[in-house]
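Participant: Chain order of the listed sequences is A and X.
Per the working numbering, the very first residue in the first sequence carries number 166; after that it's consecutive.
Per the working numbering, the very first residue in the second sequence carries number 826; after that it's consecutive.
Just so you know, even glycine gets a beta-carbon here, dropped at the ideal spot from N, CA and C.
This is the structure, below, for whatever I ask next.
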Amino acid sequence: RDENLKEAPATPPHNLSEYFKQFLLPQNECELHNFRLSFSQLKWDKWIIAPHRYSPQYCKGDCPRVMGHRYGSPVHTMVQNIIYEKLDSSVPKPSCVPAEYSPLSVLTIEPDGSIVYKEYEDMIATKCTCR
Amino acid sequence: PHSRGRVGSDQTSGFLVAPEDAASELNPLLWLPKGVRRGYALLPPLLKVLSDRGHQSWESEAPRLQPDSRALRYMKRLYKMSATKEGIPKANKSHLYNTVRLFTPCSECKHRHRDLMKGDVHSVDLLFNLDRVTALEHLLKSVLLYSFDTSVPVSSPVTCVCRLSAKEHNFSGQVCPSISHSLAFSLHVEVRNRKWVEIDVTSFLQPLIATNRRNIHMAVNFTCLLGDPQQNTKLETLINVALVPPSLLLYLNDTSEQAYHRWNSLRHRRNNPGRPRQRNSPRVDPTGDQEKENSQGKRASRRR
Chain A
166 RDENLKEAPA
176 TPPHNLSEYF
186 KQFLLPQNEC
196 ELHNFRLSFS
206 QLKWDKWIIA
216 PHRYSPQYCK
226 GDCPRVMGHR
236 YGSPVHTMVQ
246 NIIYEKLDSS
256 VPKPSCVPAE
266 YSPLSVLTIE
276 PDGSIVYKEY
286 EDMIATKCTC
296 R
Chain X
826 PHSRGRVGSD
836 QTSGFLVAPE
846 DAASELNPLL
856 WLPKGVRRGY
866 ALLPPLLKVL
876 SDRGHQSWES
886 EAPRLQPDSR
896 ALRYMKRLYK
906 MSATKEGIPK
916 ANKSHLYNTV
926 RLFTPCSECK
936 HRHRDLMKGD
946 VHSVDLLFNL
956 DRVTALEHLL
966 KSVLLYSFDT
976 SVPVSSPVTC
986 VCRLSAKEHN
996 FSGQVCPSIS
1006 HSLAFSLHVE
1016 VRNRKWVEID
1026 VTSFLQPLIA
1036 TNRRNIHMAV
1046 NFTCLLGDPQ
1056 QNTKLETLIN
1066 VALVPPSLLL
1076 YLNDTSEQAY
1086 HRWNSLRHRR
1096 NNPGRPRQRN
1106 SPRVDPTGDQ
1116 EKENSQGKRA
1126 SRRR
């Protein structure tokens, strides 16, 4: 280990930080954010009886250059990043989007006055990914 | 999905105001197939808000008809049993339905005739309009929902005999509908502290709903007597059960993409491409099954 240190040139700290910066995860990394709304804000509470509050959540943040398994991203995501960086910057960088959802049960009044309980798929984002 | 020749108003859901010809390109809901547009309680207003971006007219119209308060109370109770406060469906394996529709009768002409010998017969003619049921909603169970307001405190069980008959207008000119098929059965209810009595009419309504009938016309005769036939107590005391005309409850399985299919794990896996793939080398299963399987595998390959 000692001889290794002798060989390795002592790089000045600012290069070192530059060097590692490329691997650091971005500050505002892609992740799930909370968002709660009540149907009365949309003035839909006249016909949406339940639930009173709904948290659809959302995904926001930058995707790290080296995705790896962290987001369950397919290899295509890294390819797209390379295209953006090396070949054509008009190709967008990978985006931070929902990867998994959970359903929502809604109780509503229909125009004819009948009442319906319905379970909808994919109404609440539960996990984010880079694609 | 096509509505399979379903006769029904081709109007889209009540939340859309743009006439089809004028703003069809503006109105994304009109891009959906007819069979899907109707009945999706959530879609039309969501799409309307998105297509009305400029006017911020988020205030959707309140439903034209207000629901019956008793029916609303019942459905709120069903909601509490089926979903958490945040609206997440409870992982209740027993309930396969992902849609429940409650219809109150459009019109009912109550005939009330009292025949003291047979007890207090309560009969009503009921007409239910099922226009809101979409082509992709398949019937699992249908129930007549009676809310009991007993004017006298009922201490012992009540036995009711119920006779249902479906009526149909064979042709438009026909004035009074003829009886197409009927069903009689007795049910024994403990009315004491119950507000609701559910009468399962699935087998009775199945043929009507299977033929995509939009209007269900039926007559219901209800005779309630105090006492319990099992204990062969003399059923002679009448009870003055103020029977409110029943609502019709349909438990449905919505097979569309928007609906939640709790048992459809395959669909769940398809939606999650990011799920880490199974590793090639089988992991050692803590219950040891894996080794056994491997050794069997080796023996089998040797034999081969």
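Determine the direct distance from the alpha carbon of leucine 955 of chain X to that of glutamate 1023 of chain X, and round the result to whole angstroms.
Facilitator: Counting from 1 along the second sequence, the entry for residue 1023 of chain X is found at position 198. Counting from 1 along the second sequence, the entry for residue 955 of chain X is found at position 130. Cα to Cα, the separation comes out at about 19 Å.
Participant: For arginine 296 of chain A, tell me which candidate among A:Pro276, A:Ser279, A:Leu272, A:Asp227 has the shortest Cα-Cα distance.
Facilitator: Here the question's residue 296 of chain A lines up with position 131 in the first sequence. The candidate whose alpha carbon is nearest that of arginine 296 of chain A is A:Asp227.
Participant: In three-state DSSP terms, what is isoleucine 778 of chain X?
Facilitator: Here chain X has residues from 826 to 1129 only, and residue 778 of chain X is not among them.
Participant: From the DSSP output, in three-state form, read off phenylalanine 953 of chain X for me.
Facilitator: Start at 1 with the first residue of the second sequence, and residue 953 of chain X comes out as number 128. It is a strand residue.
Participant: In whole angstroms, give me the CA-to-CA distance for asparagine 1037 of chain X and threonine 1048 of chain X.
Facilitator: Working through the second sequence from its first residue, we reach residue 1037 of chain X at position 212. Working through the second sequence from its first residue, we reach residue 1048 of chain X at position 223. Roughly 31 Å between the two C-alpha positions.
Participant: Can you tell me whether DSSP reads phenylalanine 204 of chain A as helix, strand or coil?
Facilitator: As a first step, residue 204 of chain A is located in the first sequence; it is residue number 39 there, counting from the start. Reduced to three states, the DSSP call for phenylalanine 204 of chain A is coil.
Participant: At a Cβ threshold of 8 Å, is threonine 924 of chain X touching chain A?
Facilitator: As a working note, residue 924 of chain X is residue 99 in the second sequence. Judged by the 8 Å Cβ criterion, threonine 924 of chain X is in contact with chain A.
Participant: Are alanine 1084 of chain X and threonine 909 of chain X closer than 8 Å when you measure CB to CB?
Facilitator: Residue mapping note: residue 1084 of chain X aligns to position 259 of the second sequence, counting from 1. Residue mapping note: residue 909 of chain X aligns to position 84 of the second sequence, counting from 1. Contact flag unset, no.
Participant: Of all the CB atoms in chain X, is at least one closer than 8 Å to the CB of valine 271 of chain A?
Facilitator: For the purposes of this step, residue 271 of chain A is identified with residue 106 of the first sequence, where counting begins at 1. So yes, valine 271 of chain A belongs to the interface.
Participant: Buried or exposed, going by whether 16 or more other CB atoms sit within 10 Å of the CB of methionine 906 of chain X?
Facilitator: As a working mapping, residue 906 of chain X is identified with position 81 in the second sequence. When all chains shown are included, methionine 906 of chain X counts as exposed.
Participant: Can you give the Cα-Cα distance for arginine 898 of chain X and tryptophan 209 of chain A, rounded to whole angstroms?
Facilitator: Your numbering for residue 898 of chain X matches position 73 in the second sequence. Your numbering for residue 209 of chain A matches position 44 in the first sequence. So the two alpha carbons sit approximately 19 Å from each other.
Participant: Hey, is glycine 278 of chain A's beta-carbon within less than 8 Å of any beta-carbon in chain X?
Facilitator: In the first sequence, residue 278 of chain A corresponds to position 113, counting from 1. Taking Cβ atoms only, chain X reaches closer than 8 Å to glycine 278 of chain A, which makes this a yes.
Participant: So is lysine 283 of chain A buried or exposed if we call it buried at 16+ other beta carbons inside 10 Å?
Facilitator: One-based indexing of the first sequence puts residue 283 of chain A at position 118. Looking at its Cβ environment, which holds 16 or more other Cβ atoms inside 10 Å, lysine 283 of chain A is buried.
Participant: Would you kindly work out how many angstroms separate the C-alpha atoms of alanine 991 of chain X and isoleucine 214 of chain A, rounded to a whole number?
Facilitator: On the second sequence, residue 991 of chain X is found 166 positions in, with the first residue counted as 1. On the first sequence, residue 214 of chain A is found 49 positions in, with the first residue counted as 1. C-alpha separation (whole angstroms): 32 Å.
Participant: Between the beta-carbon of leucine 1073 of chain X and the beta-carbon of glutamate 962 of chain X, is there less than 8 Å?
Facilitator: For the purposes of this step, residue 1073 of chain X is taken as the residue at position 248 of the second sequence. For the purposes of this step, residue 962 of chain X is taken as the residue at position 137 of the second sequence. No.
Participant: Once you ignore the five residues that flank glutamate 194 of chain A on each side, which residues in its own chain have a CB closer than 7 Å to its CB?
Facilitator: Translated into positions along the first sequence, residue 194 of chain A becomes position 29. The residues are Gly226, Asp227, Pro229.
Participant: Taking 8 Å as the CB-CB limit, is arginine 957 of chain X close to chain A?
Facilitator: In the second sequence, the residue the question calls residue 957 of chain X occupies position 132. It does; some Cβ of chain A falls within 8 Å.
Participant: For valine 240 of chain A, which residues in chain X fall below 9 Å Cβ to Cβ?
Facilitator: Within the first sequence, numbered from 1, the residue matching residue 240 of chain A stands at position 75. Result: empty, since nearest Cβ-Cβ is about 12 Å, beyond 9 Å.
Participant: Going by beta-carbon coordinates alone, are serine 220 of chain A and isoleucine 289 of chain A separated by less than 8 Å?
Facilitator: Reading the first sequence from its first residue, position 55 is the one you call residue 220 of chain A. Reading the first sequence from its first residue, position 124 is the one you call residue 289 of chain A. Their beta carbons are under 8 Å apart, which means serine 220 of chain A touches isoleucine 289 of chain A by this criterion.
Participant: Count the other C-beta atoms from every protein chain shown that fall within 10 angstroms of the C-beta of isoleucine 247 of chain A, then say buried if there are 16 or more, exposed otherwise.
Facilitator: Numbered from its first residue, the first sequence carries residue 247 of chain A at position 82. The residue is exposed, with fewer than 16 neighbouring Cβ atoms inside 10 Å.
Participant: For phenylalanine 928 of chain X, which residues in chain A fall below 8 Å Cβ to Cβ?
Facilitator: In the second sequence, residue 928 of chain X corresponds to position 103, counting from 1. Under the 8 Å cutoff, chain A gives Ser279.
Participant: Which residue from X:Leu927, X:Ser967, X:Val1045 puts its Cα closest to that of leucine 951 of chain X?
Facilitator: Along the second sequence, one-based indexing puts residue 951 of chain X at 126. When only C-alpha atoms are compared, the closest one is X:Val1045.
Participant: Cβ of proline 229 of chain A less than 8 Å from any chain X Cβ?
Facilitator: One-based indexing of the first sequence puts residue 229 of chain A at position 64. No, proline 229 of chain A lies away from the interface with chain X (no Cβ there is under 8 Å from its Cβ).
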